[in-house]
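*Asks:* First, the structure itself, so that you have it in front of you.
In our numbering, the protein residues as written are 1 to 446.
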C-alpha cells in the first residue's frame, strides 16, 4: 500500500529527518516549524515500525495537555488523515491516533506525566522542554523507552540554561556521537522574512528578541532582577572559564540558610575594589554539619585562608529543634564561625547587589548554577495589572540570589566576628566580640 501524506519538510529540517541517531535536540526560533517536524517524525517512525505485538507506541509531550491539544493535535489529525482512510481510529478525548496497522501515537501534558508511567514507548518527542521538569525525563520518560531502546527527541526555545532544554543541549554538545544537535536562529534560517523580523525586533525588548528569535540561552529573562547586570558582566568578559583565588587574600562566604528550602553558599575575595566570585554550592535537605563539612572540604582542596562566613539575620535565632541553639551557635560548635547580617529592606538588598555586580568577576565554571540563579531571579508578575511588582518571586532561583544579596551588603564592610553565645549582627559588634570560646569540637575555627 502506497499512501502519500501532505508533508514536505522545510529545507532546514531535512538533515533532522535524515539523521539516524537515537537522541536529538533542537533549539529553534519561534515559528520555525519544529512542532510540525516532530509530529511528522512520529508518524513516519510509527509507519515504519512493523512489530505486530505489542503494538508500536509513540508519544508527544508538551508542558500542558491543553497546549498539546491546541498546538499539536490539529497537525497530528491532518497529517494522518490519508492513512486513516485505510483504517485505524481517532480518539478525541485521549488525543490519540491508531494507525491501520495498529501503531499508536498519543499526546500528553507534562503536568500529568504520571499517565505515562509504566507504559512502553518506541519514541517520544518532548516539545517546549524548557518548561518540562527534569524528573519528568529521568523518572518517567527514560524508563518508558528502555524496553525497545526507544528514541528521544527534545526541542524548545531557550529560557536560560538551568532547565531541561539547557541541560540537554549541553549534554548533546558533549556527546555528538549519540546526539543530533540542531540550532535554528532566525537570522540564519531564512524561514521568516527580514522585514518581519525587523517588525518583531521593534516591538520586543532586546533580550526578548535574542531569546525567542536568536536562540540565546544567555539572554536576560524579561522581568529579571539582575538580568542587565549579568549581561553586562558577560559583555565585559568578567565571567571567566576559570578564576583562581589569590593565595594571600582571605576567602569569605555568604549564605542563604534554608530551613524548608535550599541552602546556598558563595565563596568570594575582595581585591582592590574588585569582587572575585570563586565558587558556589547549593543543596537541599542537609544538616548544618553537612554544610560546614562542605566549607572545610573546599577550603582544604583549594588551600583557602578563610575570613568570615556571613549568614542572614534569622540564622541567629534560637531553634527548639536544635535544643535552643541557633544556626550560628551550631556552626561555631563545628568549627565554622559565622555572624548574622542585620535585616534590611528588599529594595536595599537588590540595589546593593546591582552595584556589586558592576565590579564582580566570576569563575563561570564553578559558579554556573549560581549565575543562572542570578540570571533567572525575577520580579513577581501581577496578572491583573499586567505589570511586574517591586518584589521578586520565591522559586528555586531565589536562594542563590538571596545569598548573593548578603554578599553584596558586606564585601566592602570592615571584617568583624560574632560571639556565638551572644548573637549579634555585624553592625552591633565590638572588638571584644572578636574573642570567643573555642568550638565544642576542639577544632580551630575557620
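Think of the CB as a built atom: it goes at the ideal place given N, C-alpha and C, for glycine as much as any other residue.
1. On a CA-only basis, which of 260, 371 and 411 is nearest residue 307? Give me that one, please.
2. Taking the alpha-carbon positions, what's the residue 296 to residue 404 distance?
3. Taking DSSP as the reference, what is the three-state secondary structure of residue 345?
4. Have a look at residue 158 and residue 6 and give me their C-alpha separation to the nearest angstrom.
5. What does a CB cutoff of less than 7 angstroms around residue 289 pick up in its chain, not counting 5 residues either side in sequence?
6. Give the DSSP-derived three-state secondary structure of residue 73 in the structure shown.
7. Between the C-alpha atoms of residue 377 and residue 222, what's the straight-line distance to the nearest angstrom?
8. Consult DSSP for residue 14 and reduce its assignment to one of helix, strand or coil.
9. Using beta-carbon positions only, say whether residue 225 and residue 315 come within less than 9 angstroms of one another.
10. Distance, Cα to Cα, residue 207 vs residue 286?
11. Looking only at its own chain, which residues have a Cβ that is under 6 angstroms from the Cβ of residue 354, when we skip the five neighbours before and after it?
12. Considering only the alpha carbon of each residue, which of 146, 38 and 44 lies closest to residue 71?
13. Is residue 187 helix, strand or coil when you go by DSSP?
14. Who are the near neighbours of residue 414 in its chain, counting only those whose CB is closer than 6 angstroms to its CB and skipping five residues on each side?
15. Does DSSP classify residue 421 as helix, strand or coil?
16. Per DSSP, what are the beta-bridge partners of residue 280 in this structure?
17. Which first and last residues belong to the beta strand (DSSP E) in which residue 308 is found?
18. Taking the alpha-carbon of residue 62 as reference, which of 330, 311, 202 and 116 has the nearest alpha-carbon?
19. Have a look at residue 20 and residue 47 and give me their C-alpha separation to the nearest angstrom.
20. Who are the Cβ neighbours of residue 447 in its own chain at under 8 angstroms, not counting the five residues just before and after it?
21. Distance, Cα to Cα, residue 218 vs residue 242?
22. Kindly give me the distance between the Cβ atoms of residue 33 and residue 124, rounded to whole angstroms, as I take these residues to be in contact under 8 angstroms.
23. Give me the Cα-Cα distance between residue 161 and residue 86, rounded to the nearest whole angstrom.
24. What is the rounded straight-line gap between the Cα of residue 11 and the Cα of residue 183?
25. How far does the alpha helix (DSSP H) with residue 252 in it reach, from first residue to last?
26. Would residue 130 and residue 156 be called neighbours here (beta carbons separated by less than 9 angstroms)?
27. Below 8 angstroms on the Cβ atoms is my contact criterion, and I expect residue 80 with residue 43 to pass it. Report the Cβ-Cβ distance as a whole number of Å.
28. Excluding five sequence neighbours on each side, which residues of the same chain lie with their C-beta closer than 7 angstroms to the C-beta of residue 106?
29. With a cut-off of 8 angstroms, do at least 3 Cβ pairs link the segment 367-374 to the segment 272-282?
30. According to DSSP, which residues form a beta bridge with residue 105?
31. Alpha carbon to alpha carbon, how far is residue 233 from residue 336?
32. Please work out which residues of its chain come closer than 6 angstroms, Cβ to Cβ, to residue 254, disregarding the five sequence neighbours upstream and downstream, and give them in chain order.
33. Between which residues of its own chain and residue 142 is the CB-CB distance below 8 angstroms, once the five residues before and five after are set aside?
34. Apart from the five residues on each side of it in sequence, which residues of its chain come closer than 6 angstroms, Cβ to Cβ, to residue 250?
35. If you draw a straight line from the alpha carbon of residue 299 to that of residue 215, how long is it in whole angstroms?
*Replies:* Taking the geometry as given:
1. 411
2. 20 angstroms
3. coil
4. 30 angstroms
5. 334
6. helix
7. 10 angstroms
8. helix
9. no
10. 37 angstroms
11. 229
12. 38
13. helix
14. Only weak support exists for where residue 414 lies, its pLDDT of 46 falling under 50; the coordinates are left without a value.
15. Low confidence applies to residue 421: its pLDDT is 46, below 50, so where it sits in the model is not reliable, and the reading given next is rough at best. Of the three classes helix, strand and coil, the one that applies to residue 421 here is coil, per DSSP.
16. 266
17. 306-312
18. 116
19. 16 angstroms
20. Since the first residue shown for the chain is 1 and the last is 446, residue 447 is missing from the structure and cannot be characterised.
21. 18 angstroms
22. Not quite, the Cβ-Cβ distance comes to about 20 angstroms (not below 8 angstroms), so this is no contact.
23. 45 angstroms
24. 14 angstroms
25. Looking at the DSSP string, residue 252 is not in any alpha helix (DSSP H); the run it does join, the beta strand (DSSP E), is 251-256.
26. yes
27. 6 angstroms
28. 59, 94, 95 and 96
29. yes
30. 58 and 97
31. 32 angstroms
32. 266, 310, 403, 406 and 407
33. 152
34. 305 and 307
35. 38 angstroms
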